[in-house]
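Written out below as C-alpha cells is the structure these notes cover.
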Amino acid sequence: MLNWIDYRKALFGRIGEIAKLSPDTVRAYQTMSSAGQKADLLGAKTRELISLAVAVSLRCDGCITVHTAEALKHGATREEIAEALGVAVAMNAGATMVYSARTMDAVAAYTADANKGNDAAG
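Per the numbering used here, the sequence shown starts with residue 379, numbered consecutively.
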C-alpha cells in the first residue's frame, strides 16, 4: 500500500523542482488553484470533498493525497469522504451509460453505412 504521507511530501518536493525550472507555470497553476477559494460560497470542507470526488474520477494520486489531507483538516469525516466518493462512483457509472449510448449511435451509423454499401453492391 502506498504511504500517502511520504508520497505527499515527495510530490511537493518535485513540484518545488518544477517551480525552479518553470516558475511561471507553477505560479499560474497556484493562481488558478486558489481562485475558487476567494468566493468561499461552498466552504473549504465542501470544496475539498468535491476535489476528492474529481481526484478519484481522474485517477490522480497526487490530487487524492493533497485533498484527503485538506478535507480532514477542514473537518470532513470518514463518512462524508465516503459519501463524496460514492457520488464519484455514481457519476462515473452514469457517464459510462451515456457513452455506451453514444457508442451504440456510432454502431448504428456504421451499420447503416455498411448496409447502404451492401444495398448498392447488390
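Ideal Cβ positions, reconstructed from N, Cα and C, are used throughout, including at glycine.
Exercise. Where in the region 426–474 do unbroken runs of the alpha helix (DSSP H), each at least 4 residues long, occur, reported from the N-terminal end onward?
Worked result: Listed in chain order, the alpha helix (DSSP H) elements of length 4 or more contained wholly in the region 426–474 are 439–451.
Problem set entry | Burial state of Val476, where buried means 16 or more other Cβ atoms lie within 10 Å | In the sequence shown, residue 476 corresponds to position 98, counting from 1. Classification for Val476: exposed.
For this session: Identify whether Gly394 lies in helix, strand or coil by the three-state DSSP scheme.
Result: One-based indexing of the sequence shown puts residue 394 at position 16. Gly394 falls in the helix class under three-state DSSP.
For this session: Quick one: give me the first and last residue of the alpha helix (DSSP H) that Asp418 is part of.
Result: If you number the sequence shown from 1, residue 418 lands on position 40. Note, Asp418: premise wrong, no alpha helix (DSSP H); not H, not E.
Exercise. What is the DSSP secondary structure of Asn493, counted as helix, strand or coil?
Worked result: Within the sequence shown, residue 493 is the residue found at index 115, counting from 1. Asn493: helix per DSSP, three-state reduction.
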